[in-house]
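Participant: When we follow this note's numbering, the leftmost residue of the sequence shown carries the number 6, and every step to the right adds one. In this text, a Cβ means the ideal position worked out from N, Cα and C, and glycines have one as well. This is the structure I want to talk about, given as structure tokens.
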Amino acid sequence: MRVLITGAGGQLGRALAAAAPALAQVRSLTRAQLDIADAGAVRSVCAAFAPELVINAAAYTRVDDAEDAPEDAARANSIGPAVLAEACRAASAWLLHVSTDFVFDGRQGRPYDTQAEPNPLSVYGRTKLAGEAAILRELPGSAAVVRASWLYSADSGFAARMLALMRTRPQLRVVSDQVGAPTHAAGLAGTLWALGTRRAAGLWHWCDSGVASWYDFAVAIAEEALRLKLLAAVPPIVPIGTADYPTRAARPSYSVLDKRATESLLGAAAPHWRTALRATLAPLAPLADGGAGR
Numbered sequence: 006m007r008v009l010i011t012g013a014g015g016q017l018g019r020a021l022a023a024a025a026p027a028l029a030q031v032r033s034l035t036r037a038q039l040d041i042a043d044a045g046a047v048r049s050v051c052a053a054f055a056p057e058l059v060i061n062a063a064a065y066t067r068v069d070d071a072e073d074a075p076e077d078a079a080r081a082n083s084i085g086p087a088v089l090a091e092a093c094r095a096a097s098a099w100l101l102h103v104s105t106d107f108v109f110d111g112r113q114g115r116p117y118d119t120q121a122e123p124n125p126l127s128v129y130g131r132t133k134l135a136g137e138a139a140i141l142r143e144l145p146g147s148a149a150v151v152r153a154s155w156l157y158s159a160d161s162g163f164a165a166r167m168l169a170l171m172r173t174r175p176q177l178r179v180v181s182d183q184v185g186a187p188t189h190a191a192g193l194a195g196t197l198w199a200l201g202t203r204r205a206a207g208l209w210h211w212c213d214s215g216v217a218s219w220y221d222f223a224v225a226i227a228e229e230a231l232r233l234k235l236l237a238a239v240p241p242i243v244p245i246g247t248a249d250y251p252t253r254a255a256r257p258s259y260s261v262l263d264k265r266a267t268e269s270l271l272g273a274a275a276p277h278w279r280t281a282l283r284a285t286l287a288p289l290a291p292l293a294d295g296g297a298g299r
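Here's what the structure looks like:
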């Protein structure tokens, strides 16, 4: 199977390449190598490589910056997916696209299933929702959109930022009234490959199991960092409210995704986010003899 991965330079793109099945012929392209909103470039790549599956991991994910750069966010999150969908239709390729929990407003108070009504609060959320709609409209029955939440890896996302701050700050203040489900990039990558190989069309949700606030997540990162000896000590972590940490983009206060349909389809349950966090950080641990980290 020939598979094109877009957005290959990001944390999810790297995880997808690492998790690729042995028999897959993969071509991974970064933003610098392929602007997915450039219709001519996308058609050229599809004509030359003839992918059977396209996994779109390209996105504008700087949530606050998007408020000041809506055109840039729309180009990556709305226009680009529409261009990919058109190219996939012309090439008879299947499209697998990644979206976000930020399409919801957080007011529901219970896990969002795929039938829940979106109501994004930010430019980022609105542009991602528009990208979903373009794909599902252009490729009915020949594409899947997978919403995921709070994506992180050992070297990117919230966990990496917290580890860096724990090494330099005397104290951390972390929001405790926004609740979601941290999701490790390697796990999402495996789920995407499973959905892509099954040609499971439509809208799907995926996240790790359990729920957490950003504060809970930060505390867990600190505990794992100490256990794995990534840090000799960690600074105090103080819970604060959203009002105490104003940002340009509004964020949902609750954005847990109901992933039961995806788990049923794949016949596998998502790991608890705390278990996934430990597995994600473990490769960073120093060697037992005191040598450099792996």
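Quick check on arginine 299: does DSSP put it in helix, strand or coil?
Facilitator: Looking up residue 299 in the sequence shown gives position 294. Residue placement at arginine 299 is poorly supported in this model, since its pLDDT is 39, which falls under 50; the coordinates still yield a value, given next. Reduced to three states, the DSSP call for arginine 299 is coil.
Participant: Which residues does DSSP list as the beta-bridge partners of asparagine 124?
Facilitator: Along the sequence shown, one-based indexing puts residue 124 at 119. For asparagine 124, which the question treats as bridged, DSSP gives no partner whatsoever.
Participant: Establish whether the CB of leucine 101 and some CB of chain C are separated by less than 9 angstroms.
Facilitator: No chain C is present in this structure, which holds just one protein chain.
Participant: If you reduce the DSSP assignment to three classes, tell me which class alanine 217 lands in.
Facilitator: Position 212 of the sequence shown, counting from 1, holds the residue named residue 217. DSSP places alanine 217 in strand when its eight states are reduced to three.
Participant: Give the DSSP-derived three-state secondary structure of proline 116 in the structure shown.
Facilitator: Walking along the sequence shown from the start, residue 116 turns up at place 111. Proline 116 falls in the coil class under three-state DSSP.
Participant: Mind checking whether valine 179 and valine 261 have CB atoms under 9 angstroms apart?
Facilitator: The count along the sequence shown starts at 1 and reaches residue 179 at position 174. The count along the sequence shown starts at 1 and reaches residue 261 at position 256. Cβ distance not < 9 angstroms, so valine 179 and valine 261 don't count as in contact.
Participant: Do the stretch 166-178 and the stretch 118-133 make contact, defined as three or more Cβ pairs closer than 8 angstroms?
Facilitator: No, they do not touch.
Participant: What residue range is occupied by the uninterrupted alpha helix (DSSP H) comprising leucine 177?
Facilitator: Along the sequence shown, one-based indexing puts residue 177 at 172. Taken as a continuous stretch (DSSP letters only), leucine 177 belongs to no alpha helix (DSSP H), being part of the beta strand (DSSP E) at 177-180.
Participant: Please name the residue or residues paired with tryptophan 198 in a DSSP beta bridge.
Facilitator: Sequence index remark: in the sequence shown, residue 198 carries index 193 (1-based). None; tryptophan 198 has no bridge partner.
Participant: In terms of residues, what are the limits of the beta strand (DSSP E) holding valine 31?
Facilitator: Along the sequence shown, one-based indexing puts residue 31 at 26. Where valine 31 is concerned, the enclosing beta strand (DSSP E) stretches over 30-34.
Participant: Specify, as a first and last residue, the run of the beta strand (DSSP E) that valine 314 falls within.
Facilitator: Residue 314 lies beyond the stretch modelled for the chain, which goes from 6 to 299, so this question has no answer here.
Participant: With a threshold of 16 other CB atoms inside 10 Å of the CB of glycine 130, please say whether the residue is buried or exposed.
Facilitator: Mapped onto the sequence shown, residue 130 falls at position 125. The residue is buried, with at least 16 neighbouring Cβ atoms inside 10 Å.
Participant: Considering only DSSP beta bridges, list what tryptophan 245 is partnered with.
Facilitator: Here the question's residue 245 lines up with position 240 in the sequence shown. In the sequence on display, residue 245 carries isoleucine and not tryptophan. Looking at the DSSP assignment, isoleucine 245 forms a beta bridge with Val180.
Participant: Taking DSSP as the reference, what is the three-state secondary structure of arginine 152?
Facilitator: Within the sequence shown, residue 152 is the residue found at index 147, counting from 1. It is a strand residue.
Participant: Does DSSP classify leucine 270 as helix, strand or coil?
Facilitator: On the sequence shown, position 265 is the one that residue 270 refers to. Here leucine 270 sits in helix by DSSP.
Participant: If distances are taken between C-alpha atoms only, which option among Leu156, Asn82 and Gln176 comes closest to leucine 134?
Facilitator: Here residue 134 is taken as the residue at index 129 of the sequence shown, counted from 1. The shortest C-alpha separation from leucine 134 is found at Asn82.
Participant: If contact is defined by three or more beta carbon pairs under 8 angstroms, each pair taking one atom from either stretch, is the stretch 205-217 in contact with the stretch 256-272?
Facilitator: A contact exists between the stretch 256-272 and the stretch 205-217.
Participant: Using the DSSP secondary-structure output, state which residues sit across from arginine 7 in a beta bridge.
Facilitator: To locate residue 7, count along the sequence shown from 1; it is residue 2. Answer is Gln30, bridged to arginine 7.
Participant: Leaving out the 5 sequence neighbours to the left and right, which residues in its chain are closer than 7 angstroms to arginine 7 when beta-carbon positions are compared?
Facilitator: Counting from one through the sequence shown, the residue named residue 7 turns up at place 2. Cβ neighbours of arginine 7 beyond the five flanking positions: Gln30, Phe54, Ala55, Pro56 and Glu57.
Participant: Got a sec, what are the start and stop residues for the alpha helix (DSSP H) serine 49 sits in?
Facilitator: Residue 49 sits at position 44 when you count from the first residue of the sequence shown. Serine 49 -> alpha helix (DSSP H) spans 44-54.
Participant: Name the DSSP beta bridge partners of tyrosine 259, please?
Facilitator: Here residue 259 is taken as the residue at index 254 of the sequence shown, counted from 1. According to DSSP, which records beta bridges pairwise, tyrosine 259 is partnered with Val184.
Participant: I need the DSSP call for valine 88, collapsed to helix, strand or coil.
Facilitator: As a working note, residue 88 is residue 83 in the sequence shown. Correct three-state label for valine 88: helix.
Participant: How far does the beta strand (DSSP E) with threonine 252 in it reach, from first residue to last?
Facilitator: As a working note, residue 252 is residue 247 in the sequence shown. Counting along the chain, threonine 252 falls outside any beta strand (DSSP E), and DSSP gives it neither H nor E.
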